[in-house]
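Q: I have a structure I would like to understand better, so I am pasting it below and will then ask my questions one at a time.
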Amino acid sequence: MTPRSRLSALTASGAFCCSRKHRQRVELIDPEALKVVASIDLAVEGRAEIARAWSNPKRSRGEGMVLLPGGHLLVAKEKKPAAFIEFGPPHSRSRGLLLVRGGALADGERWPIKKGDHRFVALAIWLPDKILAKTCADFSDLEIGPDGCLYLLSDKSSTIARLDDLQAGGGTAALLDPWRLGDLDGKPEGLAFTAQGRAIVGLDTRKPHGSLILLEPAVAQLRGRGQSLS
1130 MTPRSRLSAL
1140 TASGAFCCSR
1150 KHRQRVELID
1160 PEALKVVASI
1170 DLAVEGRAEI
1180 ARAWSNPKRS
1190 RGEGMVLLPG
1200 GHLLVAKEKK
1210 PAAFIEFGPP
1220 HSRSRGLLLV
1230 RGGALADGER
1240 WPIKKGDHRF
1250 VALAIWLPDK
1260 ILAKTCADFS
1270 DLEIGPDGCL
1280 YLLSDKSSTI
1290 ARLDDLQAGG
1300 GTAALLDPWR
1310 LGDLDGKPEG
1320 LAFTAQGRAI
1330 VGLDTRKPHG
1340 SLILLEPAVA
1350 QLRGRGQSLS
């Protein structure tokens, strides 16, 4: 994995989604054929702060994503400013992510996308509230846990955060529960979970080994605040 790309999600068809943050593009890769089968350009239209930051190649863009039903994407914009952005086909409506209604893509459900080139636009934007912004100084990756909740990884704050619902149409993103990471030999840049809810953190490190860390206790099954992981 290079600094310019990030493997972010596995579809029900067995293809990977790979985001290229400096090209504002997501690519669907067939792992058997080893070729790109679909490319999605991501655009934030208008002249607001997020749109200007997104179109500036020198500013931070997407650092993580999850697949939403209906062929939509939820992308974490890293910083300056940090935000969550829902992308979908032009003229489609924001879905948001209401976890109590099973708003994430269900296990085994196919993420609908046709082969070829596509253009998605920002349908909704959520900015962090004061507590989330203080807890997570940047947004490094997103993941849906086995409990169906949305989790955020922050590199600068060395924290995993469970997030509240994202209401359709955009607004504010709020923190439910934070977990501080212990001392890690590298920058935490990637997040995944085991079926039992234990967090797996990918480290940006120069060492050839030890770049994946399995943490305990099981984050996605706990409901307590202020705990630490090791």
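All residue numbers for the sequence shown refer to this note's numbering, where the first residue is 1130 and numbers rise by one.
Note that CB positions come from ideal geometry on N, CA and C, so glycine has one too.
Remember, it's a predicted structure, so these values are computed and weren't measured experimentally.
1. Using 10 angstroms around the beta-carbon of residue 1165, count the other beta-carbons present and answer buried if the total reaches 16, otherwise exposed.
2. Would you report the Cα separation of residue 1398 and residue 1208, rounded to the nearest angstrom?
3. In angstroms, rounded to a whole number, what distance separates the CA positions of residue 1281 and residue 1291?
4. Report yes if the C-beta distance between residue 1170 and residue 1222 is below 8 Å; otherwise report no.
5. For the beta strand (DSSP E) containing residue 1243, list its first residue and its last residue.
6. Please state whether DSSP places residue 1334 in a helix, a strand or coil.
7. For residue 1294 and residue 1202, which I take to be in contact (beta-carbon distance under 8 Å), what is that distance rounded to the nearest angstrom?
8. Measuring CA to CA, which of 1347, 1319 and 1302 is closest to residue 1276?
9. How many whole angstroms separate the CB atoms of residue 1167 and residue 1214, which I take to be in contact at a CB cut-off of 8 Å?
10. Does residue 1162 come out as helix, strand or coil in the three-state DSSP assignment?
A: For this structure:
1. On the sequence shown, residue 1165 is found 36 positions in, with the first residue counted as 1. In summary, residue 1165 is exposed, with fewer than 16 beta-carbon neighbours lying within 10 Å of its beta-carbon over all protein chains present.
2. Here the chain covers residues 1130 to 1359 and nothing more, so residue 1398 does not appear.
3. In the sequence shown, counting from the first residue as 1, residue 1281 sits at position 152. In the sequence shown, counting from the first residue as 1, residue 1291 sits at position 162. Between the C-alpha atoms of residue 1281 and residue 1291 there is a straight-line separation of about 6 Å.
4. Mapped onto the sequence shown, residue 1170 falls at position 41. Mapped onto the sequence shown, residue 1222 falls at position 93. No, Cβ-Cβ distance for residue 1170 and residue 1222 is not below 8 Å.
5. In the sequence shown, residue 1243 corresponds to position 114, counting from 1. For residue 1243, there is no enclosing beta strand (DSSP E), as DSSP marks it with neither H nor E.
6. As a working mapping, residue 1334 is identified with position 205 in the sequence shown. In the structure shown, residue 1334 sits in coil (DSSP, three-state: anything other than H, G, I, E or B).
7. Within the sequence shown, the letter at position 165 stands for residue 1294. Within the sequence shown, the letter at position 73 stands for residue 1202. Not really, about 18 Å apart at Cβ, beyond 8 Å.
8. One-based indexing of the sequence shown puts residue 1276 at position 147. Comparing Cα positions, the closest option is 1347.
9. By one-based count along the sequence shown, residue 1167 stands at place 38. By one-based count along the sequence shown, residue 1214 stands at place 85. Not a contact, Cβ separation roughly 19 Å.
10. Numbered from its first residue, the sequence shown carries residue 1162 at position 33. Of the three classes helix, strand and coil, the one that applies to residue 1162 here is coil, per DSSP.
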